[in-house]
Structure formats: C-alpha cells, structure tokens
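Trainee: Dropping a structure here in structure tokens format, bear with me for questions.
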Amino acid sequence: MLIAKFPLTPFQQNTRIVACERTRQAICIDPGAASDELAGYVRDNGLDLQAITLTHGHLDHVGGTSALAEAFPDAEVILHKDDEELYYSLPRQPLLMGIPQGQLAALGFAYDRPPTLSRIWQHGEVYEVGDLRFSIRHCPGHTRGHVIFAEVERKQVFVGDCLFEGSIGRTDLPGGDYDQLIDSITTQILTLDDQTIVHSGHGAETTVGCERESNPFLTGVYKLTRGRYM
Ligand SMILES: [Zn+2]
Ligand SMILES: [Zn+2]
47 MLIAKFPLTP FQQNTRIVAC ERTRQAICID PGAASDELAG YVRDNGLDLQ AITLTHGHLD
107 HVGGTSALAE AFPDAEVILH KDDEELYYSL PRQPLLMGIP QGQLAALGFA YDRPPTLSRI
167 WQHGEVYEVG DLRFSIRHCP GHTRGHVIFA EVERKQVFVG DCLFEGSIGR TDLPGGDYDQ
227 LIDSITTQIL TLDDQTIVHS GHGAETTVGC ERESNPFLTG VYKLTRGRYM
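Per my numbering, residue 47 is the first one in the sequence shown, and the count goes up by one each step.
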C-alpha cells in the first residue's frame with residue numbers, strides 16, 4: 047500500500063495519493079488545491095488514478111478537484127450526499143468563512159463550480175482500489191456528510207477532519223454538531239484495532255490506540271463528566 051502526502055492550501059490540508067502497489071490502481075483523497083506536484087506524482091509512479099475520493103465538502107479538501115479531474119478525466123469523483131450542497135457551494139465558501147472578496151485570488155480561493163459528482167458514498171459500502179478494500183463509514187459531526195475510509199486488514203484509516211492527533215474536528219461551522227461528532231468517532235473510529243494508523247486531514251499521523259488513551263476529547267473521564275455512561 048502506497049501512501050503519499052501533500053500538504054496543500056494555507057490550511058496545510060493533507061492531500062493524499064493512496065495506491066495498490068501490485069495493480070498501480072490509485073485514488074486521491076481530498077485534493078485541497080490544484081497542484082502540478084500531485085498530478086506529476088501519479089504519472090511519475092505509473093499510477094492509474096481511478097477516483098477522487100472526498101471525505102467532506104470543505105474548500106480545503108475539495109478545492110483541487112477541478113484541476114485533478116481535468117488532468118485525469120477517467121477518475122470518478124465521489125462524496126456523501128449530505129455534503130453535496132456544501133460541495134457545489136465551493137465558490138461561495140471562502141466568503142462564508144469571512145475571507146474578503148478582494149483577497150480570494152491572492153490566497154488561491156477563487157473557485158469555479160466544481161465538477162459534477164460521479165456518484166455518492168453509501169455508508170457501509172466497500173470500495174476497492176486494486177487489492178485494497180476501503181470500508182466507507184459515515185461520520186457526521188464536522189459536516190453532515192463526512193465519511194472516513196478504513197482499510198481494516200492493513201490497519202489504516204483516513205479520517206479527514208473528524209479526528210486529529212490530540213484533538214477533534216471543529217463543530218462550529220454550518221452542519222457541525224459536537225455530540226454527533228463524538229458519537230461518530232466513538233462508533234466508527236474507536237471500534238477499529240488500536241494499532242490502526244490514523245491519517246488526518248491536518249497535522250501528523252497517529253494511531254487509534256494513542257487517541258483512545260490520550261486524546262482529551264475522548265478519554266473516559268471526559269465522557270463521565272458528560273454523563274454519557276451515568
Ligand atoms: Zn473540514
Ligand atoms: Zn480541513
């Protein structure tokens with residue numbers, strides 16, 4: 047399993063190319079921005095980009111979809127239906143986040159409408175990339191339609207903005223819901239093996255066990271004070 051990380055956008059979003067080493071089938075998880083480096087990596091390594099797989103619809107995760115889809119027109123573009131509206135609102139997202147119109151181009155946030163989705167994720171589906179098998183799990187809370195991709199056998203999970211090393215995704219943006227996010231993490235991520243490597247949308251990699259042990263948002267004491275088990 048090949049995993050290459052490209053931090054893109056002023057938000058340092060971790061765009062990743064993930065591939066099956068045997069078949070050279072590949073996906074791009076969350077292309078944050080147009081990047082020659084990204085397309086170059088796919089070509090230089092003889093990879094066949096079968097899809098642009100999106101965890102959610104925020105601009106720092108989908109901003110490079112147009113450019114990548116143009117470079118690889120056979121790649122399908124897949125997102126959960128509950129983030130469809132957010133995705134197609136990409137040109138308006140920077141303004142909603144308070145970035146002044148006059149600075150959009152300079153910051154790389156001047157977007158056209160992104161390409162039409164090829165299809166939508168179904169919770170529980172298994173998505174195959176060569177020999178790799180990703181379980182698609184709906185994890186709402188950061189956005190309504192956030193999904194994660196779990197390669198259970200190889201112990202790798204791609205969690206977008208649900209979970210970070212020592213932290214969790216923000217829930218103050220439209221569609222965010224704190225309780226729902228904690229519930230999603232608990233039922234969809236913490237149920238994976240402790241050794242599973244967690245690949246987050248921002249920052250460093252961590253493991254399920256490490257976060258279960260030490261993430262202040264997920265430790266038992268915090269849950270008790272929230273009354274979840276009382
Ligand atoms: Zn996000
Ligand atoms: Zn993000």
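The beta-carbon is built from N, C-alpha and C at its ideal position, and this holds for glycine as well. These numbers come from a predicted model, not from an experiment.
#1: Name the residue from H102, E174, E122 and D120 whose alpha carbon lies nearest to the alpha carbon of Y134.
#2: Assess contact between the stretch 221 to 228 and the stretch 65 to 75, defined as three or more Cβ pairs (one per stretch) separated by less than 8 Å. Is contact present?
#3: In whole angstroms, what separates the C-alpha of A113 from that of L48?
#4: For H107, report the span of its alpha helix (DSSP H) as first-last.
#5: Compute the beta-carbon to beta-carbon distance between A79 and L54, rounded to the nearest angstrom, for a pair I have assumed lies under 8 Å.
#6: Taking one C-beta from the stretch 118 to 125 and one from the stretch 157 to 166 each time, how about it: are there three or more such pairs within less than 8 Å?
#7: Less than 7 Å separating the Cβ of D129 from some heavy atom of ligand 2?
#8: If you draw a straight line from the C-alpha of A72 to the C-alpha of R62, how long is it?
#9: Which residues neighbour ligand 1 when neighbourhood means a C-beta less than 5 Å away from any of its non-hydrogen atoms? List them by chain order.
#10: So what's G249 in DSSP terms, helix, strand or just coil?
#11: Quick check: what's the CA-CA separation for L132 versus F180?
#12: Please go through the same chain and pick out, in chain order, the residues whose beta-carbon is closer than 6 Å to the beta-carbon of A117, but skip the five residues on each side of it.
#13: For P161, collect the residues of the same chain with a Cβ closer than 7 Å to its Cβ; drop the 5 residues on either side in sequence, then sort them by chain order.
#14: Cutting at 8 Å between CB atoms, please list the residues of its own chain near E199, excluding the five before and the five after it.
#15: Tell whether a beta-carbon distance below 8 Å holds between H184 and G206.
#16: I'd like to confirm the pairing. Which residues does DSSP put opposite E197 in its beta bridges?
#17: For ligand 2, I want to know if H245 counts as a neighbour, meaning its beta carbon is within less than 7 Å of at least one of the ligand's heavy atoms.
#18: Considering only the beta carbon of each residue, do T233 and Q241 sit closer than 8 Å?
#19: Please classify D76: is it buried, with 16 or more other beta-carbons within 10 angstroms of its beta-carbon, or exposed?
#20: Between which two residues does the beta strand (DSSP E) holding E174 run?
#21: Does ligand 2 have a heavy atom nearer than 7 Å to the CB of D106?
#22: Under a Cβ-count criterion, where at least 16 other Cβ atoms within 10 Å of its own Cβ denotes burial, should A121 be classed as buried or exposed?
Mentor: So, from the data block:
#1: H102
#2: no
#3: 22 Å
#4: L105 to V108
#5: 4 Å
#6: yes
#7: no
#8: 10 Å
#9: H104 and D207
#10: coil
#11: 24 Å
#12: A85
#13: T111, S112, A115 and V123
#14: R179
#15: no
#16: Q202
#17: no
#18: no
#19: buried
#20: V172 to V175
#21: yes
#22: buried
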